[in-house]
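S.K.: If you count by mature numbering (1 follows the signal peptide of the UniProt record, and there is no 0), then the sequence shown holds residues -20 to -1, 1 to 505, one letter each, in order.
All C-beta atoms, glycine included, are put in the ideal place defined by N, C-alpha and C.
Since the structure is predicted, the reported quantities are computational estimates derived from the model, not experimental observations.
Structure incoming, see below.
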Amino acid sequence: MRPSLLMLLLVLQQLLPVEGGSQAAKELRNPHDMQTAIAGLNSTRDQVTYLLDSLLKGYDKSLRPVMKEAGATVITSYINIRSMGPISELHMDYALDLYFRQRWQDPRLRYDMFNISNNMSAGLILSMRMLDNIWKPDTYFINGKGSYMHTLTTPNKLIRLHPNGEILYSMRLTVKASCPMQLRYFPMDEQICPLIFGSYGYPSSDILYRWKQVTTGIERSPVVISTNVTLSQFNLTTSPEVRRHFRITRRGNFSVLSVYFHLVRHTGFFIIQVYLPCSLLVVLSWVSFWINREATADRVSLGITAVLTLTTLCHDSRQDLPRVGYATALDYFIVTCYSFLIGSIVEFACVHHFTKFGYGEPALEDDDDDDFDYDDDRDAGYQPSASEDEGGAFDANNGCSGGQRHDLMGRRSLNIETSPVGRRSVLCMGQTVAKRARKRAGLLERLLRCLRQAVGCLKGPNKRRQRRRLARINSVSRIDQISKVVFPTAFTAINLLYWLTYLKRIRFAAGDHLVGRGELHDSIV
């Protein structure tokens, strides 16, 4: 029995101080007694210390404040955005640097019934230690991805207690939130990025979130964006749109607040870095239509180089984009440029196959007229006889022997037709005369050619170039002539259709791609 009695005494010893403390707290929280105690203090600092100690006596921070019996605690919120960005299409998120403020009323912390100084009637700015001793809402960002609170040089928090028990809780946050993007019209798209927050554990029957009603000032919105906020790739077109929702989950019905930022992308960067270079590459591929079809290597290398350059541009332009399963507006333009580049290569293949008949090299002109080889002018059927071999050595230059030439010059009056030697002598003399005549004609022809070139230079290089072009094997292909008109016309028409289609659709319905709005009523988490 003694152990049981000892245990009972220990339990009573632990309970008696708690009961006594609770009774003391009730006595201290008595308005009349507190007013008397505060009036007896001289300094404001002592009055504030005594007041806060008295308010926290018997305060249970695990219980939410209740204004009415079985009523929900109302949390009023408003946001001041200091900076925005970066906005990432690859990760589909964006960042905000903001002041997040919440207000609620806790009747347990009221002190307006006391006769206090004017400094305390405007509100008390409390320390962080006081914040740890009172109840706070468990607000979190539903679509947050990596938010944090600034802690340099001290935690950027502020808590202010008003005489009627209203508490202002402000903190500086950097919030990274998800932004479901629809990139079908990229880079001429518009995005609407939501920021959604609510209670993590309290259902709507316990906590209700509401936006602050702003009735004064220029900005009549609970979400205020600083005037110096600028974005590198987007413009904020309108004021943020705020909404209040009920989020249905397996754990119950939760009250949430949301704000939507309407963003319009800048197209100047993409026009300079993507659209203009791709268009110039297409125009560069048309240069091959003015290159002679004989220059096969030049035209093929020009087309292949343009295709490889466009491939590099396409790769660089898609590095910051997610791998979506649909084509964007930029993809359609790049595919169009690819089609024209490949079309120019296919066009030359058609020219090469259907209209090119030779290698295209002009016929070589025999400018070396000094070398005349008439060794084959001899009679192919002539065969020297044994007597010719005995008469003298055969001259390889003119087919006659030296002795025969001397005999021919000394006996011109003889009847040469009566002997074979005479006939051979006449043949040798005729070949020598013909060779000299041809040589004189060659010299005259070269002289005339030089004169024609001199006259051509005096008339001008254009006429001479035209005559030399006509002398080549291949003329200008008709396919090239048609392509000079068809390719630029088609590319210009497609560009007009492209830009009119996408620029006409500057705005689109936000609800078509917003995932957040529709799911706030029926999402399951």
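1. Give the straight-line distance between the Cα atoms of G1 and S238, rounded to the nearest whole angstrom.
2. Compare the C-alpha of L175 against each of R81, L477, A75 and name the closest.
3. Taking only the alpha-carbon atoms, compute the straight-line gap between L163 and K156 and give it to the nearest angstrom.
4. Exposed or buried, what is N123 when buried is set at 16 or more other beta-carbons lying within 10 Å of its beta-carbon?
5. Quick one: Cα of I284 to Cα of N136, how far?
6. I'd like the list of long-range same chain contacts for R88, defined as Cβ closer than 8 Å, with 5 residues on each side in sequence excluded.
7. Looking at S127 and L138, is the spacing between their C-beta atoms short of 8 Å?
8. Excluding the 5 residues preceding and the 5 following V304 in the sequence, name in chain order all residues of the same chain whose CB lies nearer than 7 Å to its CB.
9. Taking C-beta to C-beta, are V222 and V203 nearer than 8 Å?
10. Over what stretch of residues does the beta strand (DSSP E) that includes V304 continue unbroken?
11. Pick helix, strand or coil for S63, following the three-state DSSP scheme.
12. Quick one, are the C-beta atoms of R83 and L32 less than 8 Å apart?
13. Per the contact definition of three or more C-beta pairs closer than 8 Å, is the region 263 to 272 in contact with the region 211 to 225?
14. Which residues mark the beginning and the end of the alpha helix (DSSP H) in which H295 is found?
15. Going by DSSP, what residue range makes up the alpha helix (DSSP H) through D73?
16. Is Q433 helix, strand or coil by DSSP?
17. Please report how far the alpha carbon of S206 lies from the alpha carbon of G65, in whole angstroms.
18. Using only the alpha-carbon positions, how far apart do Y58 and P302 sit?
19. In angstroms, rounded to a whole number, what distance separates the CA positions of R90 and G178?
20. Less than 8 Å between the C-beta atoms of F328 and V262, yes or no?
21. Note down the Cα distance separating S107 from K484, rounded to an integer number of angstroms.
M.R.: Inspection of the coordinates gives the following:
1. The predicted position of G1 is uncertain, since its pLDDT is 34 and thus under 50; no value can be drawn from it.
2. The residue with the shortest Cα to Cα distance from L175 is A75.
3. Taking the straight line joining both Cα atoms gives about 20 Å.
4. N123 is buried by the Cβ-count criterion.
5. Going by the C-alpha atoms only, they are around 59 Å apart.
6. A distance below 8 Å between beta-carbons, with the five flanking residues on each side excluded, links R88 to the following residues of its chain, in chain order: L35, Y39, P45, G145.
7. No. Outside cutoff.
8. Once the five neighbours on either side are set aside, the close Cβ partners of V304 are L163.
9. Less than 8 Å divides the Cβ of V222 from the Cβ of V203.
10. Where V304 is concerned, there is no enclosing beta strand (DSSP E), given that its DSSP letter is neither H nor E.
11. The answer is strand: DSSP assigns S63 an E or B state.
12. Not closer than 8 Å, so no.
13. Below 8 Å, too few C-beta pairs join the region 211 to 225 and the region 263 to 272 to call them touching: fewer than three.
14. Where H295 is concerned, the enclosing alpha helix (DSSP H) stretches over 276 to 297.
15. Where D73 is concerned, there is no enclosing alpha helix (DSSP H), although the beta strand (DSSP E) around it starts and stops at 73 to 85.
16. Note: Q433 maps to helix in three-state DSSP.
17. Straight-line Cα distance between these residues: approximately 13 Å.
18. Straight-line measurement puts the Cα of P302 at about 33 Å from the Cα of Y58.
19. Taking the straight line joining both Cα atoms gives about 26 Å.
20. Not in contact: F328 and V262 (Cβ atoms no closer than 8 Å).
21. Using only the alpha carbons, I get a separation of about 56 Å.
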